[in-house]
Amino acid sequence: MEKKRKFNCTIEASMCFIGGKYKPLILWHLIEGTKRFSALQRLLPQATPRMLTMNLRELESDGLVHRKVYPEVPPKTEYSLSDLGKTLIPLITELREWGRYYFEVTGQPNPCDVPSAEK
Numbered sequence: 375m376e377k378k379r380k381f382n383c384t385i386e387a388s389m390c391f392i393g394g395k396y397k398p399l400i401l402w403h404l405i406e407g408t409k410r411f412s413a414l415q416r417l418l419p420q421a422t423p424r425m426l427t428m429n430l431r432e433l434e435s436d437g438l439v440h441r442k443v444y445p446e447v448p449p450k451t452e453y454s455l456s457d458l459g460k461t462l463i464p465l466i467t468e469l470r471e472w473g474r475y476y477f478e479v480t481g482q483p484n485p486c487d488v489p490s491a492e493k
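To convert a position in the sequence shown, counted from 1, into this note's numbering, add 374.
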């Protein structure tokens with residue numbers, strides 16, 4: 375965690391670290407275990423490589439994600455949750471459950487239940 379930021383409240387701080395379009399999804403996929411950049415790209419096809427890189431760098435800078443670079447050709451980079459990032463597992467899991475609940479009570483189909491080929 376390189377930078378110190380000033381926040382007015384704890385919700386603001388939390389949303390700064392995990393808010394956005396891709397950060398919660400990246401964290402969700404890293405709950406399953408260590409992933410290479412290419413695997414995260416496949417899991418998040420809507421994220422451009424630039425956006426994925428930017429979000430991963432922010433998560434790493436904030437101490438939530440650990441990046442390991444192997445000195446190989448071509449370069450191999452793996453991402454995993456840091457100890458601090460692992461403390462978010464209950465929160466990210468609960469966000470997923472709330473999303474399921476939302477689709478259930480609104481009667482909308484859950485897009486996560488649709489096989490990838492149908493999306």
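Cβ atoms here follow ideal geometry from the backbone N, Cα and C, with glycine treated the same way.
Small disclaimer: the values here were computed from a predicted structure and weren't measured.
Quiz prompt | Cβ-Cβ separation, Arg424 to Glu434 (assumed contact under 8 Å), whole Å | solution = Glu434 to Arg424, Cβ: 16 Å. No contact.
Quiz item: In three-state terms, what does DSSP make of Leu458?
Solution: Helix.
Quiz item: According to DSSP, what are the bridge partners of Thr422?
Solution: None, per the DSSP bridge assignment.
Quiz item: Between which two residues does the alpha helix (DSSP H) containing Arg416 stretch?
Solution: That run of the alpha helix (DSSP H) goes Phe411 to Leu417.
Self-check item: Through-space distance from Gln482 to Leu455, alpha-carbon basis
Solution: 32 Å
Quiz prompt | Coil, strand or helix - Arg441 by DSSP | solution = Of the three classes helix, strand and coil, the one that applies to Arg441 here is strand, per DSSP.
Quiz prompt | Which listed residue (Glu386, Phe381, Lys378 and Glu432) has its alpha carbon closest to that of Ser401 | solution = According to the sequence as given, residue 401 is Leu; it is not Ser. Closest by alpha carbon: Glu432.
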